[in-house]
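Q: First, the structure itself, so that you have it in front of you.
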DNA sequence: GCAAAAGTGTTGTGTCTACACCCATGT
DNA sequence: ACATGGGTGTAGACACAACACTTTTGC
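Here you go:
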């Protein structure tokens, strides 16, 4: 019945690296997916990724595989999520998957292969394997980190107005965000700095907006868990 | 030169599950380690764990392997940390490792095999492979979660006084903790509830302490990241 | 009464939300 | 002048740390 001989109890499993690559576009958080042509799950949408090779780390592997889909220079941040190991997660094979979260800034627009497209995370098409769950886990990780770190840098362009940043945060968090408070929180934490320039008003006037940039483009925790912290300053 | 034929680029790697099992004892945070008898790293201390079997998940695997070291019923909480994949992390083999954090309450005292012992995380003996790093990563995860979740339940006995809980938190966090504020934070968040009983004073008197318990023994996030939360309550 | 240990009252500080108000531009 | 959009001022809510003080016990 089986296409392969029964596995021994210590047979090494296949291992793939997968990435949920997210960006904000048109007020929505989107994930990069490709449409499977072959069974299983033909016609369903899957995460980019593939088998780990002998000499590489998982991190290198996912970077290599993503290079086939997007210009990797566009990837502003990549971090590991988790490793899934349910024996039946891939029909007919024993395959572990380590998932990654990848983030692309709004101003990058990489050309994509024909079978690959961005899909709003709110309305995912039918997904292959456990890839839908992974996308949702990636969104949760992103939402949490937006609150206590500077990850926003990985979604935003190099320079932006507070309004533009507000839209990015609102799309990623899934709820409205006040520009007033966003500005104050990020400035108080020294996450943003003025970039010096200004954006010209639109056709209906309005005060020109100041441009800001993220002070660092490396992930940093900006809101140490304040509770039960060491005594005396 | 090599003992094995050169690996093909898609050879499946071995995969092990490892656990950093932590507890608080004698005012210190300790990790469970076993002493290796054989090369490589003979005499060095390693984390419990071992190869993933065909039909099991990583979660089941680590539970099975830990059962050989401790009574698994003592394990109050287990969660995945990360997966390490450096090609040279195990000399002579290609081996990935998914690490877990395990927590044992202070009142459990499982019998241990002869080669296995608890070691203070502050003064680890020489460790094998990347296991030292994993123990430190487990400590960081624990410290963060103590601030924003109810994980304390997994380190504390079923019932305890606030002083006893204070010692546990202080040992795990690595700094002094005020009993006054600990009580208020955990009661305000509805993490603790009075257990009804009292502890009799010691030989030198003192007011008897009330006993408390954790309201739940399942992990729960108690301090949602408050910043940038949805508007209007 | 006195020491020891537990627990409460209270004050101050910092961070956040909400909202009123002021500013700079186009028509 | 007025509409449009950007930005600041300010007040209130809340959570926390620190510390003084009260309570309950043994001796």
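Chains as they are written, first to last, in the working numbering: chain B, 173 to 405; chain X, 173 to 405.
By construction, the Cβ of each residue, glycine as well, lies at the ideal position given by its N, Cα and C atoms.
Under the three-state reduction of DSSP, which class applies to residue 307/X: helix, strand or coil?
A: helix
Q: Residue 335/X touches chain B at which residues, Cβ-Cβ below 8 Å?
A: Near residue 335/X there are no residues of chain B at all, since even the closest Cβ is about 15 Å away, more than 8 Å.
Q: How about residue 270/B and residue 259/X: are their beta carbons less than 8 Å apart?
A: no
Q: Locate the alpha helix (DSSP H) running through residue 233/B, then write down its first and last residues.
A: 230-238
Q: How about residue 255/X and residue 226/B: do their beta carbons lie closer than 8 Å?
A: no
Q: Within 10 Å of its beta-carbon, does residue 376/X have 16 or more other beta-carbons around it, so buried, or fewer, so exposed?
A: With fewer than 16 other beta carbons inside 10 angstroms of its own, residue 376/X counts as exposed.
Q: Taking all protein chains shown into account, decide if residue 324/B is buried (16 or more other Cβ within 10 angstroms of its Cβ) or exposed.
A: buried
Q: By DSSP, does residue 256/X sit in helix, in strand, or in coil?
A: strand
Q: Does the distance from the CB of residue 200/B to the CB of residue 208/B come in under 8 Å?
A: no
Q: Taking 8 Å as the CB-CB limit, is residue 266/X close to chain B?
A: yes
Q: Residues in its own chain within less than 7 Å of residue 212/B by CB, not counting five upstream and five downstream?
A: 263
Q: Nearest CA to the CA of residue 245/B: which residue from 279/B, 336/B, 384/B and 370/B?
A: 279/B
Q: Just to confirm, is the Cβ distance from residue 299/X to residue 204/X under 8 Å?
A: no
Q: In chain X, which residues lie with their C-beta within 8 Å of the C-beta of residue 252/B?
A: 254 and 255
Q: I need the DSSP call for residue 344/X, collapsed to helix, strand or coil.
A: helix
Q: Could you name the residues of the same chain whose beta carbon sits closer than 7 Å to that of residue 366/X, not counting the 5 residues immediately before and after it, in chain order?
A: Hits under 7 Å: 382 and 384.
Q: Does DSSP put residue 198/X in a helix, in a strand, or in coil?
A: coil
Q: Could you work out which residues of chain X lie near residue 375/B, taking near to mean beta carbons separated by less than 8 Å?
A: What residue 375/B touches in chain X: nothing, since even the nearest Cβ is about 29 Å away.
Q: Do we get a CB-CB distance below 8 Å when we pair residue 249/X with the residues of chain B?
A: no
Q: Do residue 389/B and residue 248/B count as a contact pair if the criterion is CB distance below 8 Å?
A: It is a contact, given that the beta carbons lie within the stated cut-off.
Q: Taking Cβ-Cβ distances shorter than 7 Å, what residues in chain X pair up with residue 258/B?
A: 229
Q: Count the other C-beta atoms from every protein chain shown that fall within 10 angstroms of the C-beta of residue 373/X, then say buried if there are 16 or more, exposed otherwise.
A: exposed
Q: Leaving out five residues before and five after residue 328/X in sequence, what residues of the same chain have Cβ atoms less than 8 Å from its Cβ?
A: 277, 278, 336, 337, 340 and 386
Q: Keeping to the same chain, check which residues put their C-beta closer than 8 Å to that of residue 321/X; ignore five residues upstream and five downstream.
A: If the five residues before and after residue 321/X are omitted, its C-beta is found closer than 8 Å to the C-beta atoms of 391, 392, 393, 394 and 395, all from its own chain and listed in chain order.
Q: For residue 302/B versus residue 261/B, is the C-beta spacing smaller than 8 Å?
A: yes
Q: Nearest-angstrom Cα distance between residue 236/X and residue 352/B?
A: 53 Å
Q: Spatial neighbours of residue 292/B within its chain, please: CB distance less than 6 Å, with the 5 preceding and 5 following residues excluded, ordered by chain position.
A: 200 and 202
Q: Ends of the alpha helix (DSSP H) at residue 360/B?
A: 351-360
Q: Of all the residues that make up the stretch 347-363 of chain X, which are near chain B by a beta-carbon distance shorter than 8 Å?
A: 347, 348, 349, 350, 353, 354 and 357
Q: What does residue 270/X reach in chain B if we use C-beta pairs closer than 7 Å?
A: 255
Q: Just the chain X side, please: which residues come within less than 9 Å of residue 343/B by C-beta, in chain order?
A: Within chain X, no residue comes near residue 343/B; the closest Cβ sits about 13 Å away, beyond 9 Å.
Q: So which residues of chain B does residue 392/X contact, with C-beta pairs closer than 8 Å?
A: Ordered by position in chain B, no residue passes the 8 Å Cβ test against residue 392/X, which lies about 15 Å from the chain.
Q: I'd like the span of the beta strand (DSSP E) that includes residue 370/X, first residue to last.
A: 364-371
Q: Determine the direct distance from the alpha carbon of residue 371/X to that of residue 354/X, and round the result to whole angstroms.
A: 19 Å
Q: Let me know the secondary structure DSSP gives residue 242/B once reduced to three states.
A: coil
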